[in-house]
Structure formats: structure tokens, C-alpha cells
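Colleague:
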Amino acid sequence: MSPYAVDELILGSTDAVRVPLIGQALCAGFPSPADDFLEGALELPRWLVPNPPATFLMQIRGESMRGAGIYDRDLVCIDRSLLAEDGSVVVAVVDGQLSCKRYRVVGNRARLDFDNPEMPTFAVDEYGEVEIWGVLRFSIRWHLARARLS
Amino acid sequence: MSGPAPRLRDRIGGGRAIALIDGNSFYCSCERVFDPKLASVPVIVLSNNDGNAIARTAEAKALGIRMGEPYFKIRDMCRAQGVRVFSSNYTLYGDMSARTNAVYRTFAPDVEIYSIDESFLDLSDVRERDRMALALDLRATVRAWTGIPTCVGIGPTKTLAKLANHVAKTIPELGGVCDLTDPVAYDHWLCHVHVGEVWGIGRASLAKLEAMGVDSVADLRDLDPRPVRKSLSVVGERIIHELRGLSCLPLELVPARRKGCAVTRSFASRVEDRATLEQSVAAHATRLGEKLRRDGLGTDHVTVFYHTSEYDRDRPQRSVSTTVRLPEHTNDSLTLIKAARLGVTKTWREPGSHPWRYNKAGVVTVDLVPLEMSPRALIGQLDRERSGPLMAAIDVCNARWGRGAVVPARAGLVERRAWSTKFEMRSPRYTTQVTELPVACAGKWRP
Chain A
1 MSPYAVDELI
11 LGSTDAVRVP
21 LIGQALCAGF
31 PSPADDFLEG
41 ALELPRWLVP
51 NPPATFLMQI
61 RGESMRGAGI
71 YDRDLVCIDR
81 SLLAEDGSVV
91 VAVVDGQLSC
101 KRYRVVGNRA
111 RLDFDNPEMP
121 TFAVDEYGEV
131 EIWGVLRFSI
141 RWHLARARLS
Chain B
1 MSGPAPRLRD
11 RIGGGRAIAL
21 IDGNSFYCSC
31 ERVFDPKLAS
41 VPVIVLSNND
51 GNAIARTAEA
61 KALGIRMGEP
71 YFKIRDMCRA
81 QGVRVFSSNY
91 TLYGDMSART
101 NAVYRTFAPD
111 VEIYSIDESF
121 LDLSDVRERD
131 RMALALDLRA
141 TVRAWTGIPT
151 CVGIGPTKTL
161 AKLANHVAKT
171 IPELGGVCDL
181 TDPVAYDHWL
191 CHVHVGEVWG
201 IGRASLAKLE
211 AMGVDSVADL
221 RDLDPRPVRK
231 SLSVVGERII
241 HELRGLSCLP
251 LELVPARRKG
261 CAVTRSFASR
271 VEDRATLEQS
281 VAAHATRLGE
291 KLRRDGLGTD
301 HVTVFYHTSE
311 YDRDRPQRSV
321 STTVRLPEHT
331 NDSLTLIKAA
341 RLGVTKTWRE
351 PGSHPWRYNK
361 AGVVTVDLVP
371 LEMSPRALIG
381 QLDRERSGPL
391 MAAIDVCNAR
401 WGRGAVVPAR
411 AGLVERRAWS
421 TKFEMRSPRY
431 TTQVTELPVA
441 CAGKWRP
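These protein sequences, in sequence, are chains A and B. Residues in the first sequence are numbered consecutively from 1, following UniProt numbering. Residues in the second sequence are numbered consecutively from 1, following UniProt numbering.
Written as C-alpha cells, this is what we have:
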């Protein structure tokens with residue numbers, strides 16, 4: 001195994017990958033200024049994260065995605081190597097803000113919808129400028145009454 | 001041109017291909033990935049202690065902010081011009097660097113991580129006509145998967161790859177890729193790029209070369225290397241060979257073993273008292289121990305230094321450096337702390353009416369050896385059997401619960417180290433802390 005294999009760091013005997021990818025990326029030229037700042041990482045099982053370098057976690061704030069089963073303060077796992085297609089739940093950049101939306105393609109028009117029956121829908125070109133940041137792979141929610149992150 | 005031209009042409013086009021890929025304004029780009037509002041505004045990132053600008057976006061460069069510019073000089077201008085200023089968030093940059101390198105490795109198995117934002121890739125096995133497409137695909141994939149924009153330079157040697165990368169960066173029409181294994185591009189760019197852009201040509205060498213009438217990279221390439229050795233040393237000779245396509249610098253896939261190790265930090269503000277200095281030195285010795293243990297190395301001495309700042313011209317100056325010998329090699333933090341504190345004790349002088357205001361302290365070791373292979377002392381043996389498991393336990397705790405979860409009392413709790421480096425404008429650690437994750441809004445919620 002290459003000494004640079006930081007992408008799939010095996011932790012002890014568990015079958016987990018670290019998202020993000022923490023490793024001893026030893027630089028041949030310059031010592032990395034990040035060396036003193038690498039820290040413990042969030043661990044996700046390998047079968048949930050097929051492409052670690054493109055995988056990011058985010059926290060959702062708001063209730064507009066209830067129809068997708070995503071609620072306020074849930075965590076979502078985003079895989080930037082996935083392409084958005086009709087029906088994908090995505091994080092998009094809408095007016096300079098990261099927003100969670102349902103991506104719809106009708107004919108040759110793309111739309112970003114709320115997924116909450118009480119809310120309206122918009123065509124992509126009704127927003128100022130839109131860029132798909134990444135596609136949701138799964139979400140995480142706590143079902144304990146009191147335990148909640150942050 | 002010295003040497004037969006056909007041979008040069010063979011080497012440029014026919015042989016090895018090395019790519020240098022690096023992130024554009026890497027630290028700033030990392031910030032932009034998670035905060036879309038930064039997309040088209042000027043952004044800079046500051047060095048430790050928020051001292052100098054060490055990364056600038058194109059918009060910030062256009063405002064005239066120079067590399068390494070002290071922040072206090074540009075603070076007002078940044079405010080007036082709407083420049084977004086960040087302390088360095090090395091946790092984030094280190095993680096994003098690991099991600100980009102993981103993507104590179106899916107394109108080429110042999111990757112040399114040269115620095116936090118630059119890597120060399122061996123593309124020799126890729127057919128010449130496919131190299132350009134591969135480089136474009138690599139850029140697009142890194143951008144899509146990680147959000148980091150990059151440039152790729154390809155050449156038959158590292159020096160030429162670095163030069164190609166410079167061309168790709170400065171000529172936007174090239175689409176972020178320049179391939180100097182293409183003989184036409186090679187002939188063109190070597191004549192059109194100034195010699196000062198060549199990797200390894202510093203200010204002193206540049207003055208000598210200009211005096212010799214060398215202006216373009218091609219001029220340097222066509223010098224006779226042997227006389228050059230006299231004025232520019234073997235490094236200059238090596239650069240000429242590399243520019244001719246003769247590889248002198250192999251890819252370092254396995255980094256050389258660490259020969260020495262230093263942990264040094266500027267204080268957040270000047271330090272005058274002994275207790276603070278001792279605590280900082282103990283903290284640095286703790287970190288030194290962690291680094292040595294990670295690599296399985298040991299040291300038989302600790303050099304401690306601390307000094308005042310040359311900027312305090314009106315204050316008394318003092319610079320201290322002392323080496324404390326150990327009975328045998330070790331990487332035990334507690335032993336290193338003891339040695340480092342002894343170094344302070346031996347050299348501390350009680351201040352008079354004008355106290356010395358120290359601005360930096362550190363611990364340094366050289367001649368590291370693998371601990372397993374180091375000879376044991378006959379007299380004064382350290383207790384490795386006890387210290388080894390203790391240190392291992394501390395390291396595991398710190399890996400699991402975060403750096404600084406368990407520290408020797410002498411080093412002080414991380415949160416209470418008032419002297420430690422400032423990062424006042426640091427962005428969240430978006431990718432490593434579950435409490436600092438980016439927020440995606442769903443509906444009316446606004447941060």
C-alpha cells in the first residue's frame with residue numbers, strides 16, 4: 001500500500017472510512033502547515049460512503065423538505081460525484097446560500113422545488129443564479145426525544 | 001543551442017511525462033467551497049497570529065494586496081473594499097488537501113505530495129495524445145468532487161512541469177492546462193517566459209543570469225552547464241539539464257525519513273513572565289513528542305530557544321538557545337517536557353526595570369533515529385516499558401476526542417493557553433467537527 005493512501009484509512013479493525021479524510025499526508029517538499037491541526041474525524045461505514053473524497057456532511061435548518069423526510073436539524077450526507085437527475089434531493093446555491101431542494105426535470109426545464117405541500121414551487125430560472133452544490137445520498141435523524149446534536 | 005537538437009526533441013516528446021497540479025489560491029478556494037457568498041468577492045487568508053496575507057484570490061490581487069503583506073497595513077483598505085479576511089483554518093485546508101490528493105490518485109497511481117496544495121503525478125504511461133484530455137478531465141473531476149479549482153502543468157521533468165503550471169496559471173485561454181511535452185508548446189513557451197519564473201532560480205541567481213544576458217527560459221536552457229556550475233552551483237547546472245528534458249529530480253513517492261523536528265510558535269502577544277514561557281515550552285515539547293511517536297522516532301537531546309522581537313527596536317533584546325542532553329533516545333512527552341523546562345531554568349534571567357518581551361519560543365531536535373534501533377544507555381536508562389503504553393494511551397485519547405483532550409499538566413489546558421497563536425477570524429471547521437458543519441437551509445430559515 002502506498003504511504004500516501006489517505007483516502008481509505010482503515011480504523012482499527014472496523015470497516016469504517018473517515019469523512020473527511022484525515023491522514024498523514026506527508027509532503028515531500030514542504031512540511032504541511034496543516035500538520036499540527038489535523039484532528040479526529042467523523043466516521044461513516046464504508047458501505048454508506050462509496051466515494052469519500054467527494055462526500056460531505058451538512059446540517060439542515062428549516063422545514064421545507066418534510067416531504068422528503070428531512071426535518072429541521074437533521075444531518076445530510078452529500079456526494080458531489082453524483083449527477084442530479086429528476087427527483088434528486090440536492091443542495092443548491094441559491095442567491096449565495098446553500099439550500100436543500102428537490103430537483104425536477106420536466107421536458108427540458110429544470111426546477112428546484114420545496115418538498116412541503118404547503119409551499120410553492122419555482123422554476124430554476126426564477127432564481128437569480130443557481131448551481132447544484134451536490135446530491136444527497138442519505139440523511140441522518142435522531143429519534144430520541146432529548147438527544148440532539150448541537 | 002548546445003547539444004544536438006534531435007536528441008532534445010526526443011526527450012521532450014518521447015519520454016516521461018510529469019504533471020504538477022495545484023489548487024488556485026488554495027486556502028481561499030477552500031473557504032469558497034463552503035460559503036457561496038465568497039464566490040466573486042476578494043478573499044484573503046492570513047498567516048498564524050493573523051500576521052500576513054498568505055493567500056489571495058484574483059480579486060484581492062487586483063486590489064494590489066501583495067503576497068506576505070502585513071495585515072495591519074491593509075486592514076483599513078480591506079474594510080473599505082469589502083475584502084473578506086480569514087485566519088488560517090489549517091484543519092479545513094489539510095482535509096481538503098487530502099481529498100484532492102485522493103482524486104489525483106484515481107487518475108495516476110504515482111503521486112508525490114509536494115506541499116499542501118501541490119502534487120506531482122507521473123503520467124508517463126499515458127499516451128501522448130491522451131494527456132491533454134486526461135489533464136482536463138482531472139481538473140474537471142477535482143472541481144466537481146471537491147469544489148477546488150486547479151491548474152495542471154505537464155512536462156518531461158519536474159522543472160518543466162512546474163514551468164508549464166505557471167504558464168497554465170497565467171494564460172487563461174489555455175483552460176488551466178499546459179503541456180510542455182508537446183514540442184511546439186515547448187519551443188513557444190520557453191522563448192516567451194521570463195527566466196525568473198523557473199523553479200529554483202532565486203533573486204541572487206537571477207541577478208547573475210541577467211548580467212550574463214539571460215532573459216528567457218530558452219536562454220538559460222542554452223547555456224553551457226559546466227561553466228554555470230561555477231557561478232550558479234550544481235543546482236543551476238541541474239536546472240539546465242531539467243529544462244533540456246533530462247530528469248534529475250525523481251518523484252519522491254516515499255518521503256525521506258524525518259531527520260529533525262521543530263515545534264516553534266509566535267506568542268499571541270509578548271511574554272515577559274517565566275511561568276508562561278515554561279508552559280509554552282512544555283506545550284511545544286508535548287507536540288514534539290507526538291510528532292516523534294507518530295513516526296516511531298526518538299531523540300537524545302532537546303534544544304530550547306526563545307527570543308524577543310526585532311520589531312521591538314526600542315526594547316532590550318535577548319535571544320536564548322540551549323541544548324539539553326538526555327541519557328538515551330526517547331519520544332516520551334514527559335521526559336521531553338522535563339528537558340525543555342530545564343533548558344528554561346538554566347537560561348532564565350530575572351528581568352530588571354525593562355523586562356524582555358519575548359515573542360517566540362520553540363523546541364528543536366536533529367539527528368532523529370528510529371526508537372527501536374537506538375542504543376540503550378548503560379546508566380540512567382529511561383523507563384520505556386512504562387512510558388510507551390502511557391504515551392500510546394494519550395495519543396489514542398487525543399485521536400478520539402480531539403487534539404488536546406489529554407495533556408500533561410505542565411503544558412496547560414489548550415483552551416486556557418492565553419499565549420497560544422491567535423486565529424480570531426477563522427471559519428468553521430466545516431469538514432471535521434460535527435458541531436461546525438455547513439448549514440443548508442430548507443425554507444425560511446436564515447442564519
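Just so you know, even glycine gets a beta-carbon here, dropped at the ideal spot from N, CA and C.
According to DSSP, simplified to helix, strand and coil, what is Gly59 of chain A?
Modeller: The amino acid occupying residue 59 of chain A in the given sequence is Gln; Gly does not appear at that position. Strand.
Colleague: Could you name each continuous beta strand (DSSP E) segment of 3 residues or more that falls completely within the stretch 92 to 121 of chain B, going from the start of the chain to the end?
Modeller: Counting only runs of 3 or more, we get 111 to 115.
Colleague: In this structure, does DSSP put Ser387 of chain B in helix, strand or coil?
Modeller: Looking at Ser387 of chain B - three-state DSSP - the assignment turns out to be helix.
Colleague: Which bits of chain C does Thr303 of chain B rub up against, with CB to CB less than 7 angstroms?
Modeller: Any reference to chain C falls outside this structure, whose protein chains are A and B.
Colleague: Under the DSSP definition of a beta bridge, which residues are partnered with Cys151 of chain B?
Modeller: B:Asp22.
Colleague: Taking the alpha carbon of Arg384 of chain B as the reference point, which residue from B:Val407, B:Ala411, B:Arg426 and B:Glu328 has its own alpha carbon closest?
Modeller: Arg384 of chain B has its Cα closest to that of B:Glu328, out of B:Val407, B:Ala411, B:Arg426 and B:Glu328.
Colleague: Which residues in the same chain have their Cβ closer than 6 angstroms to the Cβ of Ala80 of chain B, if we skip the five residues on either side of it in sequence?
Modeller: So the list is empty, once near-sequence residues are dropped.
Colleague: Would you say Asp122 of chain B and Leu251 of chain B are within 8 angstroms of each other, going by their C-beta atoms?
Modeller: Yes.
Colleague: Whose CA, out of A:Asp86, A:Pro45, A:Arg141 and A:Asn116, lies closest to the CA of Asn108 of chain A?
Modeller: It is A:Asp86 whose Cα lies nearest to the Cα of Asn108 of chain A.
Colleague: Applying the 10 Å Cβ sphere with the 16-neighbour rule, what's the burial state of Phe114 of chain A?
Modeller: Buried, by the Cβ-count rule.
Colleague: With 8 angstroms as the C-beta to C-beta threshold (strictly closer), list the residues of the stretch 330 to 358 of chain B near chain A in chain order.
Modeller: Within the stretch 330 to 358 of chain B, no residue qualifies.
Colleague: Check the DSSP bridge columns for Arg56 of chain B and list the partner residues they point to.
Modeller: Paired residues: B:Ile44.
Colleague: Tell me which residues share the same chain as residue 151 of chain A and place their Cβ nearer than 8 angstroms to its Cβ, disregarding the 5 neighbours each side in the sequence.
Modeller: No answer is possible for residue 151 of chain A: it lies beyond the span of chain A, which begins at 1 and ends at 150.
Colleague: Quick check for students: name the residue ranges of the alpha helix (DSSP H) that lie wholly in the stretch 158 to 232 of chain B, counting only runs of 4 or more.
Modeller: The stretch 158 to 232 of chain B contains these whole alpha helix (DSSP H) runs: 158 to 170, 183 to 192, 203 to 211 and 217 to 221.
Colleague: Indicate whether the contact test is met: 3 or more Cβ pairs, each with one atom in the stretch 58 to 70 of chain B and one in the stretch 180 to 194 of chain B, closer than 8 angstroms.
Modeller: Counting Cβ pairs under 8 angstroms, fewer than three are found: no touch.
Colleague: Output the distance between the C-alpha atoms of Tyr430 of chain B and Ser269 of chain B, rounded to the nearest integer angstrom.
Modeller: When rounded, the distance between both Cα atoms is 28 angstroms.
Colleague: So, with DSSP's three-state summary, where would you put Arg416 of chain B?
Modeller: Reduced to three states, the DSSP call for Arg416 of chain B is helix.
Colleague: Measuring straight from C-alpha to C-alpha, what distance separates Val271 of chain B and Arg46 of chain A?
Modeller: Near 48 angstroms, if we compare the C-alpha coordinates of Arg46 of chain A and Val271 of chain B.
Colleague: For the stretch 92 to 103 of chain A, which residues have a beta carbon sitting closer than 7 angstroms to at least one beta carbon of chain B?
Modeller: Against chain B - using a Cβ distance shorter than 7 angstroms - the residues of the stretch 92 to 103 of chain A are Val93, Gly96, Gln97, Leu98, Ser99 and Cys100.
Colleague: Given that a residue counts as buried once 16 or more other Cβ atoms are within 10 Å of its Cβ, and exposed if not, what is residue 448 of chain B?
Modeller: Residue 448 of chain B lies beyond the range of chain B shown here (1 to 447); nothing can be said about it.
Colleague: Between which residues of its own chain and Ser99 of chain A is the CB-CB distance below 6 angstroms, once the five residues before and five after are set aside?
Modeller: Excluding positions up to five away in sequence, the list reads Ala92.
Colleague: Does chain A have any CB closer than 8 angstroms to the CB of Thr146 of chain B?
Modeller: Yes, contact with chain A.
Colleague: Where does Phe72 of chain B land, buried or exposed, given buried means 16+ other C-beta within 10 angstroms?
Modeller: So Phe72 of chain B ends up on the exposed side.
Colleague: Candidates B:Thr347, B:Asp332 and B:Gly23: which alpha carbon is nearest Val320 of chain B's?
Modeller: For Val320 of chain B, the nearest C-alpha among the options comes from B:Thr347.
Colleague: Nearest-angstrom Cα distance between Thr181 of chain B and Gly245 of chain B?
Modeller: Those two C-alpha atoms are separated by around 9 angstroms.
Colleague: Could you give the distance in angstroms between the alpha-carbon of Tyr71 of chain A and the alpha-carbon of Ile201 of chain B?
Modeller: Rounded to the nearest angstrom, the two C-alpha atoms are 57 angstroms apart.
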